[in-house]
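Step one of this worksheet: look at the structure below.
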Amino acid sequence: MLPNYLSRSRHNVYYFRFPLGADIHPDNKQTHIRISLRTSNEREALYTSHRLSYDAVRVLQHLKHQNMNYEDIKNTIKDRLTQFVQEEKGLRLKEGSYGGEKLASLNNPSRFYNDYDIEKSQENDIAWQNAVRNTNALFPDIELEQDDVRPFLKEFMRQYPSACQELLKFDKNPEDINFSVAKAAQSDTIEIELGSAITKFIQEHLDSGRWKHGTYVSKKGHLNLLAEVFDIQKPVNTLTKQDALKIRQAVQDLKVNRKKGNNNEKDKISTSTANSYFTTFAMFGEWLQRLEYIGSNVFKDLQIKQSKSAKSRSRRDRFRVAEVNQILRAVESPSIKDKRKKYQYWGVLLAVFTGARVREIAQLYIDDIKEVNDVCCIHINENRDDQSLKNISSDRTIPIHSYILERGFKEYLEELKIHGQDRLFPELTFDKKHGYGRNFSRWFNEKLLTSLELKREGLVLHSLRHSLVTELSEGGVTDTIIKRISGHIFDNDVMNTAYNKAEKINEMKDAIEKLPYLKLYSHV
């Protein structure tokens, strides 16, 4: 069910809809705003509309305060110019010395604004027009009341030349770097409330594509705890190390399945789970510091140190070769192979011989099976609304092992087409949190492993992925090829540009065919 502020048109396009109170309408009418989100993807629309709903509330609250006073104007300009200086210094370090046009634009404010009497000015004056151009560029989201324009420009003309002089000085001596973000006092930071900062942090990572849906859900859950422990209207530049220790304790006190009402004191989350919270908080703090919202990262170094034995226990295990062969023998039995739930057969084979993640296998469509260089492959992607990837490098093409083809995989595809199916495993159902993989994982982990007496801590369907990576590595396959098959992030992001190049398919095929499982699986 869609939230009240989100609607879908008959053309399947989502719209953001938000009510406007009569107290802010010039004719005292109750109305609303409606904005096209320009997407038919429900998940994308939910992300965007959630952000807009938060911002809409903030804007309406601001409108009700009517005109800006001098303190508002001064602080708004100061905050933006502080950010502007930091951004420009970063560009200077990246791109080199300022050119003639840039130098002129930085020198002009001192020449135009000094001794300029804005109270007696005209809108066609050079200085006025220059100030308007600069403020439009730096404050694109601010719409001033008519009475605020002149005071705003006056204060801007007072502050902007100093910011430009700071950049001119930096251009001459960039080695003397003193970004105030590293040492900023509270009075020198840009004020932003915790709730707004969290929303902005999340949105930036979604917009950049660095977070996929699973990461978003996890990180948002971590950051929601900050909003529970602290007032969301708390300015982030008032956060202290004591606040960080407070949230650290709150995390350590969390119960497993707390949202389901678990109050058992013994059921506290594991150290590794707690550390995942602290990693998110540290990322958030680093982002706040980089944007000058805080002077220092108070969330740094909250992680709990674990012994090597504890770390190894917290990691997922892998299947030994003999255990993989035991699984293969089990799924070849008529009780599984001939059942209606084909993911219990083909899904397991794909997991064994591709190392793909559970969700990646479960969400495959028939047209994701492709021929590349005459090699039959699966293409793991997120081309459809109900498909998602963990990260950018997860989009990949993996050759299918000859064993799977010999068992009649292509014939299975034709059978699906005859019955009008478009998905590889139509019997699997979708939910937003797990995609199509939930029932697949449950069956494998709870029924198959238990029946084979392979059930032990850390050993799950995902462990087949670790098994494949280990066996390929021990078989002498290069790191690059292993990462292409598994979809792990490359150490050098430049490699991603060639991630799915067809000429690598044959190398990947040769590597997969070297898997040792069938050597011990004599009756096939």
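Numbering-wise (the numbering used here), the sequence shown opens with residue 9 and increments by one.
Using N, Cα and C, we set each Cβ at its ideal position, and we do this for glycine too.
- In this model, Gln211 and Ala145 are separated by some 22 Å (Cα to Cα).
- Considering only Thr362, Lys398, Ala235, the residue with the shortest C-alpha distance to Tyr411 is Thr362.
- Using a C-beta cut-off of 8 Å, the region 380 to 391 makes no contact with the region 326 to 336, since fewer than three inter-stretch Cβ pairs fall below that distance.
- Contact annotation: Ile493 and Ile406 have beta-carbon atoms nearer than 8 Å.
- For Ile335, the enclosing alpha helix (DSSP H) stretches over residues 329 to 340.
- For Lys378, the uninterrupted beta strand (DSSP E) segment begins and ends at 377 to 380.
- Here Asp251 carries a helix assignment [DSSP, helix/strand/coil].
- Where Arg298 is concerned, the enclosing alpha helix (DSSP H) starts and stops at 279 to 298.
- Here Pro182 has Arg100, Leu101 as same chain residues with Cβ atoms under 7 Å from its own Cβ, once five neighbours each way along the sequence are excluded.
- Counting every other CB atom within 10 Å of its CB across the protein chains shown gives Thr143 a total of 16 or more, marking it as buried.
- Classified as exposed, Gln250 has fewer than 16 neighbouring CB atoms from the shown chains inside 10 Å of its CB.
- Inclusion of Ser449 and Val339 in the CB contact set at 8 Å is not warranted, their separation being larger than that value.
- With fewer than 16 neighbouring CB atoms inside 10 Å of its own CB, Gln137 falls in the exposed class.
- The straight-line gap separating the alpha-carbon atoms of Lys440 and Leu397 is approximately 13 Å.
- Gly484 carries a coil assignment under DSSP once its states are collapsed to helix, strand and coil.
- Cβ-Cβ distances below 8 Å link Thr47 to Val21, Tyr22, Ala53, Thr56 in the same chain, with the five nearest sequence neighbours on each side left out; the list follows chain order.
- Close CB contacts of Pro169 within its chain, under the 8 Å cut and outside five residues either way in sequence, are with Pro117, Ser118, Tyr121, Asn122 (chain order).
- For Arg16, there is no enclosing alpha helix (DSSP H); the enclosing beta strand (DSSP E) covers residues 14 to 16.
- Check the Cα spacing between Glu521 and each of His496, Leu480, Thr486: the tightest is with Leu480.
- Spanning the alpha carbons of Glu174 and Ser105 requires a straight line of approximately 14 Å.
- Ile386 carries a strand assignment under DSSP once its states are collapsed to helix, strand and coil.
- Going by DSSP, Thr437 is part of no beta strand (DSSP E) at all; its letter is neither H nor E.
- Nearest to Gln352 by alpha-carbon distance, out of Gly466, Phe433, Leu202, Gly293, is Phe433.
- Following the DSSP letters along the chain, one finds Pro117 inside the alpha helix (DSSP H) bounded by residues 108 to 121.
- The Cβ atoms of Leu472 and Phe327 lie closer than 8 Å to each other.
- Shortest Cα-Cα distance from Ala139 to any of Arg166, Lys418, Asn399 involves Arg166.
- Counted as a single uninterrupted DSSP element, the stretch harbouring Arg392 is not any alpha helix (DSSP H), since DSSP gives it neither H nor E.
- Sequence-distant Cβ neighbours of Ile312 in its own chain, meaning closer than 7 Å and more than five residues away, are Thr279, Ala282, Asn283.
- Asp376 sits buried, since 16 or more C-beta atoms from the chains shown fall within 10 Å of its C-beta.
- Non-local C-beta neighbours of Asn83 in its own chain, meaning closer than 8 Å and more than five positions away in sequence, comprise Glu199, ordered along the chain.
- Annotation: Val306 to Phe209 spans about 16 Å, alpha carbon to alpha carbon.
- When the alpha-carbon of Arg392 is set against those of Glu419, Asp430, Glu515, Ile408, the nearest one is in Asp430.
- Thr90 and Arg404 have their C-alpha atoms some 42 Å from each other.
- It is roughly 46 Å from the alpha-carbon of Ser204 to the alpha-carbon of Leu457.
- Annotation for Glu390: Ser396, Leu397 place their beta carbon closer than 6 Å to its own, counting only its chain and skipping 5 residues before and after.
- Note on Glu95: under 16 other CB atoms within 10 angstroms of its CB, so exposed under the neighbour-count rule.
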